[in-house]
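Residue numbers for the sequence shown follow this note's numbering, so the first one is 31 and each next one is one higher.
Taking it in order: structure first as structure tokens, then the write-up.
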Amino acid sequence: MTPDILCIGSVLWDIIGRSSIAMRLGSDVPGRITRLPGGVAMNIAITLARFGLTPALLSAVGKDAEGDELVAACLRMGMITDQLYRSEDLPTDIYMAIEGANGLIAAIADAHSLEAAGDKILRPLADGRLGSAERPWAGMVALDGNLTVALLSEIAHSPLFASADLRVAPASPGKAERLLPLLQHPRATLYVNLEEACLIGKSNYASAAEAAEGLLAHGAARVLVTNGGKACAEGTRNAGVIQAAPPPVMVTRITGAGDTFMAAHIVADRRGDARAAALAAALQAAATYVSGEQPS
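Have a look at this one:
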């Protein structure tokens, strides 16, 4: 089966502790703890599959019990897992977060196996399964910043990605600057929040629109900048910046919201929506997700 899009990056288990109580450092409160398939690439793939697309995952998953269970979950959701790099020596990665009524309290991403696997996860793009240097993959690629700086730099200049429609997201503000090699890629669309935009642009932007203008000035071909419940912006080279406000909703969860926004925008782009309509569709999908109306 030929995939509709490749999702390259972290595929792991999310361990999320959520409480309806506002929390601070040292808080010990009642709540719920869940374990769900996660990771930026995985979260994007989940939303894409929900919209009827067939994503293929390119990542590193251990040949351990946790990895087998994760791959089985991916298959149940309609994803292609044949191209996953399965390692005997590397354990399946994991992400842990604590969320309170006042937002994300803390999170730790253990993506060491993905980083250790390096360019092994890209082999299907070179060996003919999904493409080669002579006939590179020409479809959409969702790429996340959990990859190492060296690998992201390689992707930015690799003939394997010369024809791809690259959709790029940092895994977190702490990894935003890893995307610098891709900032001026002519076929890349960057999806960032305001904090990440400030780090990439090395400026203190006051709004999403200002950040979009700034990143375009730094050479970006296209960028989308979110800012929580405030206005979001989309900027395209030679076409300017547009803005839209997200629908007001009661926030019940945060982890995965940005990935849902990105996936919904990719779907809207794929079906040919105009810029404003695609942005509105992405904001609505993210709002539905954070409100808890859409299943995890």
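Beta carbons: idealized from backbone N, C-alpha and C, even for Gly.
Residue i to residue j, Cα distance in whole Å?
| i | j | result |
| --- | --- | --- |
| I35 | A172 | 7 Å |
| S326 | Y319 | Interpretation of S326 is limited by its pLDDT of 49, a score under 50 that renders its predicted location unreliable; the figure taken from the coordinates is listed afterwards. For S326 and Y319, the distance between alpha carbons rounds to 8 Å. |
| T122 | L114 | 12 Å |
| A304 | D94 | 44 Å |
| I76 | G68 | 9 Å |
| I15 | T111 | For the chain, the structure presents residues 31 to 326; residue 15 sits outside this window and is missing. |
| P277 | A269 | 25 Å |
| V281 | A317 | 8 Å |
| A293 | M109 | 14 Å |
| L134 | E226 | 16 Å |
| G322 | A131 | 13 Å |
| C37 | I63 | 27 Å |
| D44 | E129 | 13 Å |
| Q273 | S117 | 44 Å |
| D149 | A238 | 33 Å |
| P211 | H187 | 9 Å |
| G204 | A137 | 11 Å |
| L160 | E240 | 38 Å |
| N73 | T290 | 7 Å |
| L66 | V271 | 36 Å |
| A312 | E184 | 30 Å |
| S143 | L213 | 25 Å |
| G92 | L120 | 5 Å |
| A146 | V41 | 14 Å |
Helix, strand or coil: which one does DSSP assign to residue i?
| i | result |
| --- | --- |
| G288 | helix |
| S57 | coil |
| T77 | helix |
| S326 | Legend: pLDDT at S326 = 49, less than 50; position of this residue unreliable, no value from coordinates given. |
| A317 | helix |
| I63 | strand |
| A16 | Examination of residue 16 is not possible in this model, given that the chain is present from 31 through 326 alone. |
| M72 | helix |
| I45 | strand |
| L152 | helix |
| I230 | helix |
| A241 | helix |
| L36 | strand |
| A95 | helix |
| L87 | strand |
| A247 | helix |
| L213 | coil |
What's the call for residue i, buried or exposed, on a 16-neighbour Cβ count within 10 Å?
| i | result |
| --- | --- |
| S57 | exposed |
| G249 | exposed |
| A105 | The question names Ala, but residue 105 is Leu in the sequence shown. Under this definition L105 is an exposed residue. |
| P216 | exposed |
| T285 | buried |
| G308 | Going by the sequence as given, residue 308 is Ala instead of Gly. Per the 10 Å Cβ criterion, buried. |
| V59 | exposed |
| G265 | buried |
| R208 | buried |
| M328 | A question about residue 328 goes unanswered here, because the residues of the chain that appear run from 31 up to 326. |
| R267 | exposed |
| G302 | exposed |
| P189 | exposed |
| A306 | exposed |
Quick check: does the Cβ of residue i come within less than 7 Å of any heavy atom belonging to the ligand ATP?
| i | result |
| --- | --- |
| R208 | Here there are no bound small molecules, and the ligand ATP is not part of this structure. |
Are any of the Cβ atoms in chain C nearer than 8 Å to that of residue i?
| i | result |
| --- | --- |
| Y319 | Reference to chain C is not applicable here, since this structure consists of a single protein chain. |
(request) May I have a chain-ordered list of the alpha helix (DSSP H) segments no shorter than 4 residues that lie completely inside the region 256-311? (result) DSSP runs (the alpha helix (DSSP H)) wholly in the region 256-311: 287-300.
(request) Ignoring anything shorter than 3 residues or poking outside the region 97-150, list the beta strand (DSSP E) runs there in chain order. (result) Scanning the region 97-150 for uninterrupted beta strand (DSSP E) segments of 3 residues or longer gives 115-117, 124-130 and 133-140, listed from N- to C-terminal end.
(message) Ignoring anything shorter than 4 residues, give me the alpha helix (DSSP H) runs that lie fully in the region 172-209, in order along the chain.
(response) Along the length of the region 172-209, whole alpha helix (DSSP H) runs at least 4 residues long occupy 179-187, reported in chain order.
(message) Quick check: the region 241-260 against the region 222-229, are at least 3 beta-carbon pairs closer than 8 Å?
(response) Judged by Cβ distances under 8 Å, the region 222-229 makes contact with the region 241-260, as three or more pairs qualify.
(message) Does the structure place the region 79-98 close enough to the region 50-64 that three or more beta carbon pairs sit under 8 Å?
(response) The region 50-64, when compared against the region 79-98, does not touch it at the 8 Å Cβ threshold.
(request) Check whether the region 192-206 touches the region 158-178, counting contact only when three or more Cβ pairs, one atom from each stretch, lie closer than 8 Å. (result) Flag = yes, the region 192-206 and the region 158-178 touch.
(request) Report yes or no: do three or more beta-carbon pairs, one from the region 184-196 and one from the region 157-167, lie closer than 8 Å? (result) Yes: at least three Cβ pairs fall under 8 Å.
(message) With a threshold of 8 Å, are at least 3 pairs of Cβ atoms found where one atom belongs to the region 82-91 and the other to the region 149-156?
(response) Yes, the region 82-91 touches the region 149-156.
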